[in-house]
Each structure stands twice: as C-alpha cells, then as structure tokens.
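**Q** Be aware that the sequence shown starts at 145, since it is given in our numbering, and climbs by one per residue.
Ideal Cβ placement from N, Cα and C applies to all residues, glycine included.
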Amino acid sequence: MRRQRDNSELLSGSILKHVFRLALPMIVAFMFVTSYHFIDRYFVSQLGDVATAAIGMAFIVQMVVIAIGVGVGSGVNSYIARNLGAGDEETAKSTVKHAFYLAAGIGTVLGIAGLILQKPLFRMLGAEGELLELIVAYLTIIFIFTPV
Numbered sequence: 145m146r147r148q149r150d151n152s153e154l155l156s157g158s159i160l161k162h163v164f165r166l167a168l169p170m171i172v173a174f175m176f177v178t179s180y181h182f183i184d185r186y187f188v189s190q191l192g193d194v195a196t197a198a199i200g201m202a203f204i205v206q207m208v209v210i211a212i213g214v215g216v217g218s219g220v221n222s223y224i225a226r227n228l229g230a231g232d233e234e235t236a237k238s239t240v241k242h243a244f245y246l247a248a249g250i251g252t253v254l255g256i257a258g259l260i261l262q263k264p265l266f267r268m269l270g271a272e273g274e275l276l277e278l279i280v281a282y283l284t285i286i287f288i289f290t291p292v
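1) Please classify residue 186 as buried or exposed, where buried requires at least 16 neighbouring CB atoms within 10 angstroms.
2) Taking 8 angstroms as the threshold (C-beta atoms), are residue 216 and residue 246 in contact?
3) With burial defined as no fewer than 16 other Cβ atoms inside 10 Å of the residue's Cβ, what is the status of residue 194: buried or exposed?
4) Output the distance between the C-alpha atoms of residue 287 and residue 177, rounded to the nearest integer angstrom.
5) If contact is defined by three or more beta carbon pairs under 8 angstroms, each pair taking one atom from either stretch, is the region 196-215 in contact with the region 269-278?
6) Suppose only complete runs of 3+ residues qualify. What are the beta strand (DSSP E) ranges in the region 228-256, listed by chain order?
7) Assuming contact is defined by CB atoms lying nearer than 8 angstroms, are residue 220 and residue 239 in contact in what I supplied?
8) In this structure, how does DSSP classify residue 274 when only helix, strand and coil are distinguished?
9) Give me the residue from 268, 258 and 225 with the minimum Cα distance to residue 285.
10) Do residue 202 and residue 279 have their C-beta atoms closer together than 8 angstroms?
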C-alpha cells in the first residue's frame with residue numbers, strides 16, 4: 145500500500161538550509177571522530193614522541209576505514225530514500241535489513257585485512273622498530289572491533 149508523504153517542505157525554502165539540515169548528522173559524526181582522535185592523541189602524547197607519531201600514522205588508516213563506512217552508508221541511505229520516495233516501503237525495509245549484513249561483512253573483511261596487512265603497509269610507509277610495534281599494538285585493537 146502506498147502512502148503519500150508531504151514533501152512540500154523540501155520543495156520550498158532555501159536550498160542551502162535544506163542541504164545543511166540533511167548534512168548536519170554527518171558533520172556531527174565527523175566532529176565526534178575528530179575529537180576522539182584529538183583526545184586520544186593528548187593522552188598518548190604523555191607517553192612520548194614515538195607514541196604520538198604512532199597514533200598519527202594510525203589515524204590515516206582509521207580515516208580510510210571510516211570513509212569506506214560513510215561511503216557505503218551514504219549509498220544505502222540514498223537507495224532507501226529513493227524507494228521510500230517511490231512508495232516502495234517493502235524494498236526499503238528489505239534494504240535496511242540487508243544493509244546490516246553488508247555493514248557486518250565489510251567490517252569483518254576490513255578488520256581481517258587490517259590485521260593481516262597493517263605491518264607490511266606501515267613498513268612500506270617507513271615505520272620500523274618501536275614506532276612500528278606501537279602502530280600495530282594500537283591498530284590491532286581498532287581492527288578487532290571494526291566489525292562492531
């Protein structure tokens with residue numbers, strides 16, 4: 145059964161206001177991610193320069209993982225929105241269910257790949273010795289919980 149929704153609010157008013165309203169949740173999410181990293185870096189800096197460098201290098205990989213998640217999430221959200229806009233609630237509900245499986249699958253693959261590839265990747269980027277060991281120690285915890 146199709147239900148008509150009132151879309152008049154989105155069709156009138158300032159485009160900039162609508163874009164900002166729709167983008168606000170993502171802006172807030174990235175602010176939390178960034179503030180988490182700054183707080184983490186503050187406490188790790190108490191352990192010395194090598195530990196701080198390890199966190200800085202690890203952040204690059206964390207941002208790639210987050211970007212993949214955001215990209216997939218944006219694509220899924222767009223698909224769900226198009227189905228809801230077309231009145232196809234069954235497909236939208238099915239997509240939500242499958243999106244959870246997709247997220248768990250991608251998270252698992254990224255977590256396993258990260259655990260396997262982190263040492264060779266950071267060696268290639270020039271990390272060695274204590275720096276490499278600290279990067280691996282930090283990212284191992286991150287990658288274990290990536291599927292979550």
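**A** Result, derived from the coordinates:
1) Translated into positions along the sequence shown, residue 186 becomes position 42. Exposed: under 16 other Cβ atoms inside 10 Å.
2) As a position in the sequence shown, residue 246 is number 102, starting the count at 1. As a position in the sequence shown, residue 216 is number 72, starting the count at 1. Yes, Cβ-Cβ distance for residue 246 and residue 216 is below 8 angstroms.
3) Position 50 of the sequence shown, counted from the first residue, corresponds to residue 194. Label assigned to residue 194: exposed.
4) One-based indexing of the sequence shown puts residue 287 at position 143. One-based indexing of the sequence shown puts residue 177 at position 33. When rounded, the distance between both Cα atoms is 16 angstroms.
5) yes
6) none
7) Here residue 220 refers to the residue found at position 76 when the sequence shown is read from its first residue. Here residue 239 refers to the residue found at position 95 when the sequence shown is read from its first residue. For residue 220 and residue 239, yes; Cβs fall inside 8 angstroms.
8) Indexing the sequence shown from 1 puts residue 274 at position 130. Residue 274 falls in the helix class under three-state DSSP.
9) Position 141 of the sequence shown holds residue 285. Minimum Cα distance to residue 285 is reached at 258.
10) Against the sequence shown, residue 202 aligns to sequence position 58. Against the sequence shown, residue 279 aligns to sequence position 135. Closer than 8 angstroms, so yes.
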